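A.B. asks:
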Amino acid sequence: MLRFTLNRLAQSIVVILVVFSLTFFMIRLAPGDPFASPKAMPPDVRKVLVERYGLDKPLAVQYFTTMGSYLKGDLLPSMSYQGMWNSKIIKDAFPISLIIGLSALGVALGLGLPAGIIAAVRKNTWLDYGPMSLALIGICLPTFVMGPILIAIFGLKWRLFNVAGWFEKTDWVLPAVTMGLIYAAYIARMTRGGMLEVLNQDYIRTARAKGVPGWRVVLVHALRGGLLPVVAFLGPALAGITTGSFIIEKIFNLPGLGQHFVSSVFNRDYSLILATVVLYAVLLVAVNFLTDLLVAWINPKVRLS
Amino acid sequence: MSAVLDVKDLQVSFHTRNGVVRAVDRVSLKVGAGQTVGIVGESGSGKSVTCYSLLGLIPQPPGRIEGGTAMFGGLDLLKLSEKELQKVRGSRISMIFQDPMTSLNPYLKIGSQLVEPLRLHEGLDKAAAWKRGIAALKEVGIPEPTTRMEQYPHEFSGGMRQRVMIAMALITRPELLIADEPTTALDVTIQQQVLDLIKDLQKRLGIAVVFITHDLAVVHEVCDVVNVMYAGRLVESAAAADLFAHPRHAYTRALMRSIPALQKKGEPLYTIPGLPPDLSYLPSGCAFRARQTPGRQALCLIDRQPPLQEIAPGHWVQACPGCVEGGLPL
């Protein structure tokens, strides 16, 4: 277990280093720079800016100074939001995305798991067809359709929630449900598939031959194996879902992190791009580590070494 | 001898998109106390379905029990509800299966799987059940049972897993054990050990055993009574010694000729030509007619199914004039 953790830690450092380097160099390949704007900038202003952010130095020097700051925990100032530090931008935006993401995940698991399990157990009955048709609709329906539908019903018609913005305590509900429903659809289908495969195994027949009651066969004998695909999916999904969705944030006008992933690229905000991508990489690596622990706990055949 | 299990005219069919498959057609068999009864036949002959349907283990739908009775200790197994069957399964009738590699749950500890019948049927608490589990592993000859209880199936070899299956089946001291090809998936050397173990435990505990197999050598070794099945029906049923000495039906004789050990070296091995008939389109007459070589094919019934007939005391055979050796007594 200790060896596994250390091993994983070493791997993670390499992964993050590679992501850091690739991002650093690849954004420099894109045409334009942080200070390119439709309005021509006076050359001397531009010169001051370029010098201030150190963009006049050789790329290798920039690379190592940037890495030096990151190692000290300094994510550098943003290049397009002048006077803002990247760490402050992330500190403001990430909690919002995290709240919405985690509640969306709650919605997704709360709906998807039971629906998938019931559909698998009651295969080829309306308890299977009904939820699975809904799930298919959920998968096909993009968030920018689902979101406005929910806004129209709960925001405009019943006036239960604000249609957009991040002001009141309940403002997380609609975005979380929008995102959660889509994920619930995926999880329901995955759960059904996993459970169906397990329910056809010989050891399920053994359990029934022992006189194990039906619900216990499902919960004790089938669930662990049946959930493995979902657990494997959840790791990467968790990193994606908690770093915010650009579309959801646009629909509900939220100051989340998702917008920065997109706008920083359009702004050629070299330092903010790097900060957001490295944050995502760190999250992904951490969550994958947790997923591996969870899979090993579920499946005794997986050895942590 | 009083019968532990008395099956009469069991009929099971599967209603599929391609028509009705008559998997088991009017099969009757009796299992006496302490007896070992063999059911022999090729794959798809209905031997497993016969036993699974007794315990409600066939998927319904598409499976359906169309008729018959199966008396077990005053209960008709075929009439019991799923809840009532659950109380019988694993406590009074246990099963072991063909493939020990897939029949144990890979996600659960051996111990918790092993003692599950005790917890369910005898309501034992965890500690008491665990103790019985250790004793059960010892009984089937698994060394270091205390450590083994904490392990998972992938840490066991195939033979050891089948021993666990046997321990699990017998832990509640059932009256009847159904063994569905328990040695088929094992190495030859392990096969013998597992057979010996089953025989030994059966003698010690006095349980009746239904032994499903396609291996006649195994039947010869363990069974008191043998039922030969073909295309969902019994073709011959007799005491083992009688059957092996005087096989009457052409199918039984063909099966015996197919045992490789009994054939001359250097000659091509004898096999039964063709495949068993499609059970959804059974021929109207003798089902074995198309493949039969040991008897006189021309005499086989073609208009009706041959009925079972007792041609010697306790020796029943499907009375098809082409298949029965020496003709039929009138």
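Same order as they appear, the protein sequences are chains A and B.
Residues 0 to 304 (the numbering used here) make up the first sequence, in order.
Residues 59 to 388 (the numbering used here) make up the second sequence, in order.
Backbone N, C-alpha and C define an ideal beta-carbon position, used for all residues, glycine too.
Just so you know, these numbers come straight off a predicted model, no measurement behind them.
1) Taking 8 Å as the threshold (beta carbon to beta carbon), is residue 228/A in contact with chain B?
2) List the residues of chain A that residue 164/B touches, going by C-beta distances under 8 Å, in chain order.
3) Do you know how far the Cα of residue 158/B is from the Cα of residue 223/B?
4) Go through its chain and collect everything with a Cβ distance to residue 49/A's Cβ below 6 Å, but skip five positions before and after it.
5) Which of the three DSSP states, helix, strand or coil, is assigned to residue 285/B?
6) Assign residue 25/A to one of two classes, buried (16 or more other C-beta atoms within 10 Å of its C-beta) or exposed (fewer than that).
7) In three-state DSSP terms, what is residue 261/B?
8) Does residue 232/B come out as helix, strand or coil in the three-state DSSP assignment?
9) Under 8 Å, do residue 154/B and residue 266/B count as touching if we go by C-beta distance?
10) Which residues in the same chain have their Cβ closer than 7 Å to the Cβ of residue 227/B, if we skip the five residues on either side of it in sequence?
11) Answer yes or no: do residue 206/A and residue 99/A have a C-beta to C-beta separation smaller than 8 Å?
12) So with Cβ pairs under 8 Å, would you call residue 205/A a contact of chain B?
13) Compare the C-beta of residue 145/B with all C-beta atoms of chain A and state if any pair is closer than 8 Å.
14) Any idea if residue 170/A is buried or exposed, counting beta-carbon neighbours within 10 angstroms, 16 or more meaning buried?
15) Return the residue from the list 268/B, 103/B, 314/B, 209/B that minimises the CA-CA distance to residue 91/B.
16) Do you know how far the Cα of residue 120/A is from the Cα of residue 110/A?
17) Please return the same chain residues whose Cβ sits closer than 8 Å to the Cβ of residue 277/B, not counting the five positions on each side in sequence.
18) Note down, one range per segment and in chain order, each alpha helix (DSSP H) of at least 4 residues found wholly within the region 159 to 186 of chain B.
19) Residue 92/A and residue 254/A - do their beta-carbons sit closer together than 8 Å?
20) Any beta carbon of chain A sitting closer than 8 Å to that of residue 174/B?
21) Under 7 Å Cβ-Cβ, which residues of chain B neighbour residue 254/A?
22) What did DSSP end up calling residue 59/A once you bin it into helix, strand or coil?
23) So, with DSSP's three-state summary, where would you put residue 291/B?
24) Using the Cα positions of residue 83/A and residue 76/A, report the straight-line distance between them to the nearest angstrom.
25) So, under 8 Å CB-CB, residue 290/B and residue 83/B are touching, yes? Tell me the CB distance rounded to an integer number of Å.
26) Is it the case that the Cβ atoms of residue 260/B and residue 217/B are separated by a distance below 8 Å?
27) Can you pull the DSSP bridge partners for residue 82/B?
28) Please look up how many angstroms separate the CB atoms of residue 194/A and residue 116/A, rounded, as I've assumed it's under 8 Å.
29) Beta-carbon separation of residue 222/A and residue 177/A under 8 Å?
30) Go through its chain and collect everything with a Cβ distance to residue 103/B's Cβ below 6 Å, but skip five positions before and after it.
31) Looking at the strands, I want to know which residues DSSP matches up with residue 278/B.
32) Can you check DSSP and say which residues form a bridge with residue 89/B?
33) Return helix, strand or coil for residue 266/B, following the three-state DSSP convention.
34) Taking residue 383/B as part of the alpha helix (DSSP H), name the residues at either end of that continuous run.
35) Output the distance between the C-alpha atoms of residue 204/A and residue 192/A, rounded to the nearest integer angstrom.
36) Is any beta-carbon of chain B found at less than 8 Å from that of residue 210/A?
C.D. replies: In short:
1) So, not an interface residue.
2) Chain order gives the chain A residues near residue 164/B as 202, 224, 298, 299, 300, where near means a beta carbon separation below 8 Å.
3) 7 Å
4) 55
5) If DSSP states are grouped into helix, strand and coil, residue 285/B belongs with the strands.
6) exposed
7) helix
8) coil
9) By the CB criterion at 8 Å, residue 154/B and residue 266/B fall outside the cutoff.
10) 152, 153, 154, 235
11) no
12) yes
13) yes
14) buried
15) 268/B
16) 16 Å
17) 96, 98, 269, 271, 284, 298
18) Counting only runs that start and end inside the region 159 to 186 of chain B, the alpha helix (DSSP H) elements of at least 4 residues fall at 168 to 175.
19) Cβ atoms of residue 254/A and residue 92/A: closer than 8 Å.
20) Chain A places a beta carbon closer than 8 Å to that of residue 174/B, counting this residue as a contact.
21) In chain order: nothing, as chain B lies at least about 44 Å away.
22) Reduced to three states, the DSSP call for residue 59/A is helix.
23) strand
24) 6 Å
25) 4 Å
26) no
27) 70/B
28) 6 Å
29) No, they are not a contact pair.
30) 287, 288
31) Bridge partners of residue 278/B: none, in fact.
32) 63/B.
33) In the structure shown, residue 266/B sits in a strand (DSSP, three-state: E or B).
34) DSSP places residue 383/B outside any alpha helix (DSSP H), giving it a letter other than H or E.
35) Rounded to the nearest angstrom, the two C-alpha atoms are 18 Å apart.
36) yes
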